[in-house]
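Contents: one structure, followed by commentary.
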Amino acid sequence: MKEEKEDLLRKGGFTMKWRSCLLASLLVAALALSSGVGLSAELAKEQVWRWAHHTTDLDSLDPAFGVVDGAYSVGSYIFNGLVRLPPGTLDFDHLEGDLAESWEISDDGLTYTFHLRKGVQWHKGYGEFTAQDVKYTFDRLGDPKLGSPYGAKYEIIKEVKVVDPYTAQIILKAPSTFFLLDQVLAYQAGNIVCKKRGDEVGNKNLGLEVIGTGPFQFEKYFAKEKIILTRNEKYFRGASILERVEIYFMPNVASRTLAFVKGDLDAIYGKRDPKWVKDVTKTPTVIVDSVPLGSGCALHFNMTKKPLDNLKVRKALALMADRTIFEQYFSGIYYKMIAPVPPSYYAALPEDAAPEELLYEYDLEKAKKLLAEAGYAGGFKMKAFSTDKPYYLAPLEICKEQWKPLGVDLEITVVDHTTFHANIRKDMNDVVVYYAGRPPVADSYLTQWYHSDAIIGKPKAITNFSHYGDVDADGDGKVDNVDALIEEARGELNPQRQRDLYYKAQLQLLMHVPSKPLHELTKVLVRHNYFDPGVEIKGSMIFGYPLEKAKILKH
Amino acid sequence: MLTYIIRRVLSAIPTILVVITIVFFAVRGLGGDPAIAILGDRATPQALEALRERLGLNQPLWKQYTSFLWRLAHGDLGRDLRTDIPVAKLFARAVPYTIDLAIWATVIGILIGVPTGVLAALRWNSPLDFVGRFIGILGFSFPTFYLSILLLFIFGLVLDWFPMMGGGGDYSDPADRAYHLFLPALSLGLIKAAFVMRLTRSSLLNVLHEDYVRTARSKGLKEWVVIYKHALRNSLIPVVTMIGLYLAVTIGGSIEVEIVFNRPGLGKFLIGAIQERNYSVIQSGLVVLAVFIVLVNLITDLSYALIDPRIKYE
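Sequences listed follow chains A and B, in order.
So the first sequence is numbered by this note's numbering: it starts at 1 and just counts up by one.
So the second sequence is numbered by this note's numbering: it starts at 1001 and just counts up by one.
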């Protein structure tokens, strides 16, 4: 068994190629050369924070449009939402007011009243933040003419009322207990934009020169190179210690690492590669914050294609996708994901709440038996397009090897990331490996991957690649879905009952196997020890550090 | 001469038109959907459709093609599909970074390649020649990407002589710009030097056995006069031609160098644009490159007259 696993790790495309070898050697040598930074509790004279993203550039800093990792992460330094998570955490039970000082929810769960902070100033003299800005932000998101990629999830809003300049009321079409976490949180489209600025630009993408209320304001943008933000002296929580933030776009991990090791960068987004993480942590002065909220990964079976329409076949494939191999391969950046909702998300099914047979741990004999019962004892062929990103390709290659003993032959065609996204939305894959980070609640994952409205090809399609909700998943002649459970849970105001509903939906999905949940990979934030984020980093919604209390120490 | 230049420029127009046409259709044949690349994986089909409509991606191909040509004829390179910034504005900053890189890499290639090529030819089959040839083959076979990383490691990190990233400021601070340019230019220049060295060596070896060189020697001219005035100048025409043609390869190599050194040049724009299916940036970028290469070819042709006075342009 051990030899088999080692063989799998080698065969699955994981033999380190000479390219990786060279980069790894350079990294080790570079880290050996870095002498270790002596640290003082005093502040450094220059309070400039330099960070490098893994993305090639930004798309838009408009919260309604920024979709690349770098964009909404930079946006989090410029904007505020009405509510936020305590910085450095994913503590969903302790939301704190951001632009709202407090809020109330009506008994029927339909009306949210936000009492806003007074005296909050927009950057660059755009005046005081008021309830008009809140109304503008959410009305705009729901406007189909704007065409925001986040628009669909704001359809739940019936109306936004300005009660007075410091009180805003949001009325929903139906109760949603995740409304605060999913739609209002200071994250992506939940950030509040300036009406005055919006009126100047018109009903379109606000672009990069945005006006926010956050601790840093837009200063200058250099396409494909960097963006510079400067301290907002009038920030309502008090001006930050950092005077300037320089964010570089460096997709090449080798150059990003070398610049970091030299000290030209104070922190970088690392590489989702255990070897890289291991090498970097060899230097005691380098701190790796490998934290949730990461990206959940599941193997989605296209149930409209034979023989994946057969539950026994899917179960057999699920049994052979051995999580222990993934755990070894992604060691250090891995969380086991046993249910359709990733483990760091609110209302994810705990492992001890799932019956053992629904965990689908490796079992060759059982898998062979199931396949024989389904009439595929000799195996079958499948096709899948994969992106060239290593952490996407690896799970498919591992599964390809693991399915071989069943006689299942998976043909993988590697294409670039954009083509992959287009192809999987044309239903061209038998199996889809998909990674995604979403608002940290069960609802976002279940709605986007398992609700029947989200099935590929439908008017409101998102990422339901399995077609669960449109097919008979268990072979009893009836179409199966979890739509009602998701919707009921969304409107359930009692937290325990709500959790139970989400657990029930996840258990049903585990029984019907539209997918095999594999793992959640962490975010890999890396910093020198002289950069102090000012809070303990236990989790992160963004690709970056919280900066409100951050400082550069003398070194 | 002026007539020749005008004729060459006019004759380049069909070439550029062909390039534009190929690029336009090839880009659309890549697969992938710009709307998904722009709006991400959460966008609903309605949002994607609305964006395609706004960007004109729903129009028939011939209509997109003719409107692209029409805009181009009016000097409009379009707008970046992602950021909505005019492509011309983006390129106004990016193109000089790439041109600086290509020119200085070529200069470094010539400064290293020509003298070493001459030395290798003059010491034909000597240990010096063997070493030169070995270095030449090594340079040829060494990928630009790795050479860049190695130089960055040695001169940027270990020796701390040069910066690790960025392109430097604008031309108001030429020293800073040159400081940021040196390592990237060296990365490309060393590869180019290997090519120039081998070409100079073989070209000079051919010329050294010509009758007119033997005649020059028999006239009692000094050896350096024979080499410089009679042999080298005659051997340089193929070298100059190939350096010009190789500039296109240099531009290709600049993409990798720009990514490694985080230089915001045209190469970095193009690679990002291809990943994002940012049609307007890809099309305009390749048109700019095509024009640049046509110009380089013209300059190469004109330089023949400087090397060999017998060449006249009519």
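Even for Gly, the Cβ is constructed at its ideal location relative to N, Cα and C.
CA-to-CA distance, Asn1278/B to Arg140/A, given in whole angstroms
When rounded, the distance between both Cα atoms is 26 angstroms.
Quick check on the burial criterion: 16 or more other C-beta atoms within 10 angstroms. Buried or exposed for Pro440/A?
Burial call: buried.
For the beta strand (DSSP E) that Leu296/A lies in, which residues bound it at each end?
Checking the sequence shown, residue 296/A turns out to be Gly, not Leu. Val286 to Phe301 is the span of the beta strand (DSSP E), which, as asked, contains Gly296/A.
Assuming contact is defined by CB atoms lying nearer than 7 angstroms, are Thr413/A and Phe385/A in contact in what I supplied?
Contact flag set, yes.
Would you report the Cα separation of Asp245/A and Leu229/A, rounded to the nearest angstrom?
The displayed chain sequence assigns Val, not Asp, to residue 245/A. Between the alpha carbons of Val245/A and Leu229/A lies a gap of roughly 5 angstroms.
Quick one, are the C-beta atoms of Gly559/A and Phe79/A less than 7 angstroms apart?
The question about residue 559/A has no answer, for chain A in this structure spans 1 to 555.
If I follow the unbroken alpha helix (DSSP H) through Trp103/A, where does it start and stop?
Per DSSP, Trp103/A belongs to no alpha helix (DSSP H); it is in the beta strand (DSSP E), Ala100 to Ile105.
What separation, rounded to the nearest whole angstrom, lies between the Cα atoms of Trp1104/B and Ala1185/B?
Trp1104/B and Ala1185/B: Cα-Cα distance of roughly 6 angstroms.
Hey, quick one: how far does the alpha helix (DSSP H) through Glu373/A stretch, first residue to last?
Membership of Glu373/A in the alpha helix (DSSP H) is indicated by the continuous run Leu364 to Glu373.
Cβ of Asn529/A within 7 angstroms of Cβ of Ile227/A?
No, the Cβ-Cβ distance between Asn529/A and Ile227/A is not below 7 angstroms.
Could you check what DSSP says for Ala131/A in three-state terms: helix, strand or coil?
Helix at Ala131/A.
Would DSSP call Glu209/A helix, strand or coil?
DSSP places Glu209/A in coil when its eight states are reduced to three.
Expressed to the nearest angstrom, what Euclidean distance is found between the alpha-carbon atoms of Leu1072/B and Ile1085/B?
In this model, Leu1072/B and Ile1085/B are separated by some 16 angstroms (Cα to Cα).
On the three-state DSSP scale, how would you describe Thr15/A?
Any reading at Thr15/A must be qualified, since the residue scores a pLDDT of 39, below 50, and its modelled position is unreliable; the value itself is stated next. In this structure, Thr15/A counts as coil in the three-state DSSP scheme.
From the beta carbon of Asn997/B, is the nearest beta carbon of chain A less than 7 angstroms away?
Since the first residue of chain B shown is 1001 and the last is 1314, residue 997/B is not available in this structure.
Extent of the continuous beta strand (DSSP E) to which Arg231/A belongs:
Run containing Arg231/A: Lys226 to Arg231, per the beta strand (DSSP E) assignment.
At least one CB of chain A closer than 7 angstroms to the CB of Asp1033/B: is that the case?
At a cut-off of 7 angstroms between beta carbons, Asp1033/B contacts chain A.
Within 10 angstroms of its Cβ, does Met1001/B collect 16 or more other Cβ (buried), or is it exposed?
Met1001/B is exposed by the Cβ-count criterion.
From Phe1145/B to Gly1078/B, what distance separates their C-alpha atoms?
Straight through space, the alpha carbons of Gly1078/B and Phe1145/B are spaced by roughly 31 angstroms.
I'd like the ranges of any alpha helix (DSSP H) spanning at least 4 consecutive residues and lying wholly in the segment 243-284 of chain A.
Counting only runs of 4+ residues, the alpha helix (DSSP H) found wholly inside the segment 243-284 of chain A occupies 253-262 and 274-280, in chain order.
Fully enclosed by the segment 1083-1155 of chain B, which alpha helix (DSSP H) runs are 4 residues long or longer?
The segment 1083-1155 of chain B contains these whole alpha helix (DSSP H) runs: 1087-1122, 1127-1141 and 1144-1151.
Would you be able to state if there are at least three C-beta pairs under 8 angstroms between the segment 349-364 of chain A and the segment 383-400 of chain A?
With a cut-off of 8 angstroms, the segment 349-364 of chain A and the segment 383-400 of chain A do not count as touching, because too few Cβ pairs lie within range.
Return the CA-CA distance between His555/A and Gly1252/B, expressed in angstroms with no decimal places.
Cα to Cα, His555/A sits roughly 41 angstroms from Gly1252/B.
Trp49/A - partner residues in DSSP beta bridges
Its beta-bridge partners are Val245/A.
So, helix, strand or coil for His519/A, using DSSP?
DSSP places His519/A in the strand class (E or B) of the three-state scheme.
Expressed to the nearest angstrom, what Euclidean distance is found between the alpha-carbon atoms of Val535/A and Pro546/A?
Approximately 8 angstroms, taken between the alpha carbons.
Is it right to say Phe465/A is buried, meaning 16 or more other beta carbons lie within 10 angstroms of its own, or is it exposed?
With 16 or more Cβ atoms within 10 Å of its Cβ, Phe465/A is classed as buried.
Is the segment 435-449 of chain A touching the segment 497-515 of chain A in the sense that three or more CB pairs, one from each, lie closer than 8 angstroms?
Yes: the two stretches touch, three or more of their Cβ pairs being nearer than 8 angstroms.
Whole angstroms are fine: how far does the CA of Ala473/A sit from the CA of Pro1014/B?
Inter-residue distance for Pro1014/B and Ala473/A is about 59 angstroms (C-alpha atoms, whole angstroms).
In the DSSP assignment, find the alpha helix (DSSP H) that holds Gln448/A and state where it starts and stops.
Looking at the DSSP string, the run of the alpha helix (DSSP H) that includes Gln448/A is Ala442 to Tyr450.
From which residue to which residue does the beta strand (DSSP E) around Met1001/B run?
Premise fails: Met1001/B is in no beta strand (DSSP E) and is neither H nor E.
So which of Leu1298/B, Thr1066/B and Ala1305/B has the shortest CA-CA distance to Ile1005/B?
Closest option to Ile1005/B, Cα to Cα, is Leu1298/B.
Since Tyr335/A is in the beta strand (DSSP E), which residue starts that stretch and which ends it?
Counting along the chain, Tyr335/A sits inside the beta strand (DSSP E) bounded by residues Tyr334 to Lys336.
Report yes if the C-beta distance between Lys1089/B and Lys224/A is below 7 angstroms; otherwise report no.
In this structure, Lys224/A does not lie closer than 7 angstroms to Lys1089/B by Cβ.
Return the first residue and the last residue of the alpha helix (DSSP H) that Tyr1065/B is part of.
First-last of the alpha helix (DSSP H) with Tyr1065/B: Leu1061 to Ala1073.
Is it buried or exposed, Ser452/A, if we count other Cβ atoms within 10 angstroms and call 16 or more buried?
Answer is buried; the Cβ neighbour count reaches 16.
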